Amino acid sequence: AGAAAEQRFDVLVDRRAFPAIDDHRVRGLPVLPVALVIELFARAVEAARPDLVFNAVEDLQVLRGVPLEAYDTTGDRVAVRVTQVSNGEGVVLRLELLDGDDRVRYSALGTAEPQAASSGRVPARPRGLSRFEGTVYDGVSLFHGDAFQVIQGRPEVGEAGVEATLSGATSRGWASGAWQTDPALVDGGLQLALLWTCHREGGAALPTSVKSFRRFARGLAVGDVRAVLAKVEHHRERSLSDLVLVDASGAALAELRGVEVHVLPGSRTPTRA
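Just so we're aligned: the sequence shown equals residues -4 to 268 in the numbering used here.
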């Protein structure tokens, strides 16, 4: 067999195409959210294989974040490079997000099948939760602006996990369109992982990898969504968790498994002078 066929999909990221990113800034600079990388990967999978249905992103690695220095002017060019890994009834594709200099910033595997994935199991509410008493969007652990402020009210938090109500992209004023996922909801799930990681000792954290993202419903969600995060591991500087997004009917819309979060060095106040 010859070399695997490679395809490339170029994307211009600017305020006009992705206005919500204006509310995803780190130290004042717009940064491409992990949730939108998952969306771009999903689009690339179905563009590469329009005969199949996108089902999952596996082994997502954040190699380096993507600051968007030209977001307000000419826009920042990124690309998704797609290489077929295996082919059968479904397909596995290697996915790489490239910056304007063709450096790999994210990597993953994408899967597509002849039909949509069947909805996963909805987990029980974790035990021992209590109402989060801090400020949810405190500008430190959660820095997000209005378009990404999807956590409704105060979540229930504990050592075993989190339960919360999230609103999706439509509720936050995102434009409708050919969305593969609901990036606001996916980002909200990742926000809960950050909040859970930092809820005891404060500080700030960032997601560094996701073992799998599985989509059970295409596009933007309708109405509020229940999110259930369950502990896998929780250390002082690192956490690992699984998360399911559930609609009002009780059906799972998507799940994120193996969400790895690391606390940013120096972000916590020292316990001693």
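C-beta atoms are modelled at their ideal positions from N, C-alpha and C, and glycine is treated no differently. Computed from a predicted structure; not experimentally measured.
Checklist entry - Excluding the five sequence neighbours on either side, which residues of its own chain have a C-beta within less than 8 Å of the C-beta of Glu41, listed in chain order? => result Numbered from its first residue, the sequence shown carries residue 41 at position 46. Only Leu47, Val48, Phe49, Ala107 and Gln175 meet the Cβ criterion.
Item to check | Same chain only: Cβ atoms within 8 Å of Ala170, ignoring 5 sequence neighbours per side | outcome: As a first step, residue 170 must be located in the sequence shown, where it is residue number 175. Answer for Ala170: Pro14, listed in chain order.
Checklist entry - Would DSSP call Val145 helix, strand or coil? => result Reading the sequence shown from its first residue, position 150 is the one you call residue 145. Val145: coil per DSSP, three-state reduction.
Checklist entry - Using the beta-carbon count (16 or more within 10 Å), is Glu250 buried or exposed? => result Numbered from 1 along the sequence shown, position 255 holds the residue referred to as residue 250. Result: buried.
Checklist entry - Is the distance from the Cβ of Arg59 to the Cβ of Arg100 below 7 Å? => result The sequence position of residue 59 within the sequence shown is 64, counting from 1. The sequence position of residue 100 within the sequence shown is 105, counting from 1. Cβ distance < 7 Å, so Arg59 and Arg100 count as in contact.
Next on the checklist: Measuring CB atoms only, is the segment 50 to 57 touching the segment 198 to 212, in the sense that at least three cross pairs come out at less than 8 Å?
Outcome noted: yes
Item to check | For Asp18, three-class secondary structure by DSSP | outcome: What you label residue 18 is simply residue 23 of the sequence shown in a count that begins at 1. It is helical.
Next on the checklist: So if DSSP puts Glu158 in a beta bridge, which residue, or which two residues, is it bridged to?
Outcome noted: Counting from 1 along the sequence shown, the entry for residue 158 is found at position 163. DSSP output for Glu158 lists Glu151 and Val223 as bridge partner(s).
Checklist entry - Under the DSSP definition of a beta bridge, which residues are partnered with Leu201? => result For this step, residue 201 is matched to residue 206 along the sequence shown. For Leu201, which the question treats as bridged, DSSP gives the partners His257.
Checklist entry - Three or more beta-carbon pairs under 8 Å between the segment 239 to 247 and the segment 185 to 203, yes or no? => result no
Checklist entry - Helix, strand or coil: how does DSSP classify Phe4 here? => result Counting from one through the sequence shown, the residue named residue 4 turns up at place 9. Assignment of Phe4 by DSSP, reduced to helix, strand and coil, places it in the strand class.
Item to check | Counterpart residues of Pro62 in DSSP-defined beta bridges | outcome: Working through the sequence shown from its first residue, we reach residue 62 at position 67. In DSSP, Pro62 forms a bridge with Val26.
Next on the checklist: Using only CA atoms, which one of Arg72, Ala111, Gln144 and Gln79 lies nearest to Asp96?
Outcome noted: Position 101 of the sequence shown, counted from the start, is the residue given in the question as residue 96. Nearest option by C-alpha distance: Arg72.
Checklist entry - Do the segment 178 to 197 and the segment 17 to 32 make contact, defined as three or more Cβ pairs closer than 8 Å? => result yes
Next on the checklist: Could you compute how far the alpha carbon of Asp219 sits from the alpha carbon of Arg252?
Outcome noted: Position 224 of the sequence shown, counted from the start, is the residue given in the question as residue 219. Position 257 of the sequence shown, counted from the start, is the residue given in the question as residue 252. The alpha-carbon atoms of Asp219 and Arg252 are separated by roughly 21 Å.
Checklist entry - Alpha carbon to alpha carbon, what distance is there between Val77 and Val223? => result Counting from 1 along the sequence shown, the entry for residue 223 is found at position 228. Counting from 1 along the sequence shown, the entry for residue 77 is found at position 82. The alpha-carbon atoms of Val223 and Val77 are separated by roughly 32 Å.
Next on the checklist: Give me the residue from Ser81, Val152, Ser113 and Gly172 with the minimum Cα distance to Gly129.
Outcome noted: As a first step, residue 129 must be located in the sequence shown, where it is residue number 134. Considering only alpha carbons, the answer is Val152.
Next on the checklist: I need the DSSP call for Gly245, collapsed to helix, strand or coil.
Outcome noted: As a position in the sequence shown, residue 245 is number 250, starting the count at 1. Coil, per DSSP.
Item to check | Three-state secondary structure (DSSP) of Phe127 | outcome: The residue labelled residue 127 in the question sits at position 132 within the sequence shown. It is coil, neither helix nor strand.
Checklist entry - Given that a residue counts as buried once 16 or more other Cβ atoms are within 10 Å of its Cβ, and exposed if not, what is Ser81? => result Locating residue 81 in the sequence shown gives position 86, counting from the first residue. The residue in question, Ser81, is exposed, as its Cβ has fewer than 16 Cβ neighbours within 10 Å.
Checklist entry - What is the residue span of the beta strand (DSSP E) that Asp71 lies within? => result Taking the first residue of the sequence shown as 1, we reach residue 71 at position 76. Per DSSP, Asp71 belongs to the beta strand (DSSP E) from Asp71 to Asn82.
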